[in-house]
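Enquirer:
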Amino acid sequence: MKKEKKSKRILVIGTGGTIAGKGDNFKTSDYTAAQIKIEDLVNEVCENTIHDNMDTIDYFNIDSCDMTSEKLIKLSNYINKVSESEDYYGFVITHGTDTLEETAYFLNLTVKTQKPVVITGAMRPHTALGADGPMNLYQAISLAKSEDAINKGVLVVFSDTIYSARDVSKINTFKPAAFGQKDLGCLGYMRDENVFFYNSPTKKHTIYSEFDISYLENLPKVEIVMFYPSADIKILDYVSKDCDGIVLAGAGCGNVSTSWSEKVKKIISSGIPVVRSSRIANGVVTYNEKTIHEKGIFAENLSPLKSRILLSLALTKSTNLEEIQKFFLEY
Ligand code: SIN
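This is the structure we're talking about:
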């Protein structure tokens, strides 16, 4: 008898979001996120046999604005545990789009596997006309089964496009093509279940990352402060009273006013590391080793949101400014 080839085993981890959202029939707005079980979502895109070897788990059932550092640690440790103990070929995570980019980068830095790890979501609830979730989920599963996705770090699939977890950002508040890598384009495309890679991530990720969160329950507290003309300097006093690190979303190349610069210098000399990122979407906040103790650590091209994730992980290893700067150049 001819033996049928078993399809690759995939675990789909549901965390909630609009992809599992329900609202008035056909409407794309006024809905409630995180209402549908992941098994039901997967079953809808698995009617044919290519998806028969799949497991699902509703790990969280939240709006992604309710994601926390504790939850991120749990999710990453869970993936690490099952990736060691079970013979999964790859993992798919469904997630709300609002904070997907932060979760993706956190996992990229803390998941210890070369197996495909793919995150997706949806901009339209499941009940909407033209819901984008089913195709995104189908493509995420297809990508997690692809050999080409091995050792690429955590990947994001959205709207027929493959992005790297490090560089992806949400770039639209409501359109289905809601993600992008800004100037850096994308890693590749999906057409139905077919995978087309054109670029690879160049920064350290997954098994090459030195961040170990297996023993942690929470992360060092890092706050983001945005600078703008006339921004009240008292915000820096307030934030620095209760945090382990600060990310500045500066103007232009990470710049702030003269009075803010003086305050930042004082905060750094009090032992709180400050990272200079930019409120501008594209470009690099250039590294200057001479001014690191005055101006702060330079974020390279990481956004304020991604800088917060990296600084909180960096602080689990060191408070030395030069060492933290090295992380920002490598990751
Ligand atoms: C969320 O982020 O959980 C809600 C919004 C979305 O998924 O698009």
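Read in order, the letters of the sequence shown are residues 717 to 1047 in our numbering. In this text, a Cβ means the ideal position worked out from N, Cα and C, and glycines have one as well. Since we're looking at a predicted model, the values are computed, not measured.
Report yes if the CB atom of Asn867 is closer than 9 Å to the CB atom of Gln897, and no otherwise.
Expert: Along the sequence shown, read from residue 1 onward, the residue named residue 867 stands at position 151. Along the sequence shown, read from residue 1 onward, the residue named residue 897 stands at position 181. Not in contact: Asn867 and Gln897 (Cβ atoms no closer than 9 Å).
Enquirer: What whole-angstrom Cβ distance do Phe927 and Thr1032 have, given they're in contact under 8 Å?
Expert: As a first step, residue 927 is located in the sequence shown; it is residue number 211 there, counting from the start. As a first step, residue 1032 is located in the sequence shown; it is residue number 316 there, counting from the start. With 8 Å as the limit, Phe927 and Thr1032 qualify as a contact, their Cβ atoms being about 7 Å apart.
Enquirer: Within 10 angstroms of its Cβ, does Thr744 collect 16 or more other Cβ (buried), or is it exposed?
Expert: Within the sequence shown, the letter at position 28 stands for residue 744. With 16 or more Cβ atoms within 10 Å of its Cβ, Thr744 is classed as buried.
Enquirer: Hey, would you say the C-beta of Ser723 is under 8 Å away from at least one heavy atom of the ligand SIN?
Expert: Indexing the sequence shown from 1 puts residue 723 at position 7. Ser723: no, Cβ never under 8 Å from the ligand SIN.
Enquirer: Under the assumption that Leu823 contacts Thr836 (Cβ atoms under 8 Å), give the Cβ distance between them as a whole number of angstroms.
Expert: Your numbering for residue 823 matches position 107 in the sequence shown. Your numbering for residue 836 matches position 120 in the sequence shown. Not quite, the Cβ-Cβ distance comes to about 13 Å (not below 8 Å), so this is no contact.
Enquirer: Pull up the DSSP beta-bridge partners for Gly966, would you.
Expert: Indexing the sequence shown from 1 puts residue 966 at position 250. Partner(s): Ser994.
Enquirer: Looking at C-alpha atoms only, which residue of Asn769, Val808, Gly999, Ala1015 is the closest neighbour of Glu1005?
Expert: Along the sequence shown, one-based indexing puts residue 1005 at 289. Residue Ala1015 is the option with its Cα nearest to Glu1005.
Enquirer: Would DSSP call Met839 helix, strand or coil?
Expert: The residue given as residue 839 occupies position 123 in the sequence shown. Met839 falls in the coil class under three-state DSSP.
Enquirer: For Ile988, collect the residues of the same chain with a Cβ closer than 8 Å to its Cβ; drop the 5 residues on either side in sequence, then sort them by chain order.
Expert: Working through the sequence shown from its first residue, we reach residue 988 at position 272. Here the set comprises Ser956, Cys959, Asp960, Gly961, Ile962.
Enquirer: Going by the DSSP bridge assignment, what does Glu939 pair with across the sheet?
Expert: The residue you call residue 939 lines up with position 223 of the sequence shown. Note: Glu939 sits in a beta bridge opposite Ile962.
Enquirer: Is there at least one non-hydrogen atom of the ligand SIN closer than 8 Å to the beta-carbon of Ala847?
Expert: Numbered from 1 along the sequence shown, position 131 holds the residue referred to as residue 847. Not under cutoff, so the answer is no.
Enquirer: Compare the beta carbon distance of Ile729 and Tyr805 with 9 Å and say whether it is the shorter of the two.
Expert: Position 13 of the sequence shown, counted from the first residue, corresponds to residue 729. Position 89 of the sequence shown, counted from the first residue, corresponds to residue 805. In this structure, Tyr805 does not lie closer than 9 Å to Ile729 by Cβ.
Enquirer: Measuring straight from C-alpha to C-alpha, what distance separates Lys790 and Ser801?
Expert: The residue you call residue 790 lines up with position 74 of the sequence shown. The residue you call residue 801 lines up with position 85 of the sequence shown. Those two C-alpha atoms are separated by around 16 Å.
Enquirer: Among Val758, Lys891, Asp771, Leu932, which has the Cα closest to the Cα of Ile726?
Expert: Within the sequence shown, residue 726 is the residue found at index 10, counting from 1. Closest option to Ile726, Cα to Cα, is Asp771.
Enquirer: Quick check on the DSSP output: what are the complete alpha helix (DSSP H) runs of length 4 or more inside the stretch 1005-1032, in order along the chain?
Expert: 1020-1030
Enquirer: What is the DSSP secondary structure of Val827, reduced to helix, strand or coil?
Expert: For this step, residue 827 is matched to residue 111 along the sequence shown. Val827 falls in the coil class under three-state DSSP.
Enquirer: Would you check if there are 3 or more beta carbon pairs closer than 8 Å linking the stretch 929-939 to the stretch 774-791?
Expert: yes
Enquirer: Buried or exposed: where does Gly999 fall if 16 or more other Cβ atoms within 10 Å of its Cβ makes it buried?
Expert: Within the sequence shown, numbered from 1, the residue matching residue 999 stands at position 283. Exposed, because fewer than 16 other Cβ atoms sit within 10 Å of the Cβ of Gly999.
Enquirer: Could you pull the start and end residues of the alpha helix (DSSP H) that Asn852 belongs to?
Expert: For the purposes of this step, residue 852 is identified with residue 136 of the sequence shown, where counting begins at 1. Start and end: 849-860.
Enquirer: Would the C-beta of Gly733 count as close to the ligand SIN, meaning under 8 Å from any of its heavy atoms?
Expert: If you number the sequence shown from 1, residue 733 lands on position 17. Yes.
Enquirer: Confirm the yes/no value for this check: CB of Ile996, any heavy atom of the ligand SIN, distance under 8 Å.
Expert: To locate residue 996, count along the sequence shown from 1; it is residue 280. No - the ligand SIN has no heavy atom lying nearer than 8 Å to the Cβ of Ile996.
Enquirer: At a cut of 8 Å, does the stretch 908-915 reach the stretch 857-872 through at least three beta carbon pairs?
Expert: yes
Enquirer: Is the beta carbon of Gly812 closer than 9 Å to that of Thr889?
Expert: One-based indexing of the sequence shown puts residue 889 at position 173. One-based indexing of the sequence shown puts residue 812 at position 96. Their beta carbons are not under 9 Å apart, which means Thr889 does not touch Gly812 by this criterion.
Enquirer: Give me the residue from Leu1045, Lys1011, Ser986, Lys950 with the minimum Cα distance to Ser1023.
Expert: By one-based count along the sequence shown, residue 1023 stands at place 307. Closest by alpha carbon: Leu1045.
Enquirer: So, is Gly968 buried or exposed, given that buried needs 16 or more other C-beta atoms within 10 angstroms?
Expert: Along the sequence shown, one-based indexing puts residue 968 at 252. Residue burial is scored here from C-beta neighbours: Gly968 has fewer than 16 other C-beta atoms within 10 angstroms and is therefore classed as exposed.
Enquirer: How close, in whole Å, do the beta carbons of Ile878 and Met906 come, if the pair is a contact with beta carbons under 8 Å?
Expert: For this step, residue 878 is matched to residue 162 along the sequence shown. For this step, residue 906 is matched to residue 190 along the sequence shown. Between Met906 and Ile878 the Cβ distance is about 6 Å, and since that is below 8 Å, they are a contact.
Enquirer: Please list, in chain order, all residues of the same chain as Thr765 whose beta carbon is under 8 Å from its beta carbon, the five residues on each side excluded.
Expert: For this step, residue 765 is matched to residue 49 along the sequence shown. In this prediction, Thr765 scores a pLDDT of 42, lower than 50, which makes its location untrustworthy; no coordinate-derived value is stated.
Enquirer: Thinking just about the alpha-carbon of each residue, which of Ile940, Ser973, Asp883, Ala750 is nearest to the one in Leu1018?
Expert: Taking the first residue of the sequence shown as position 1, residue 1018 is located at position 302. The shortest C-alpha separation from Leu1018 is found at Asp883.
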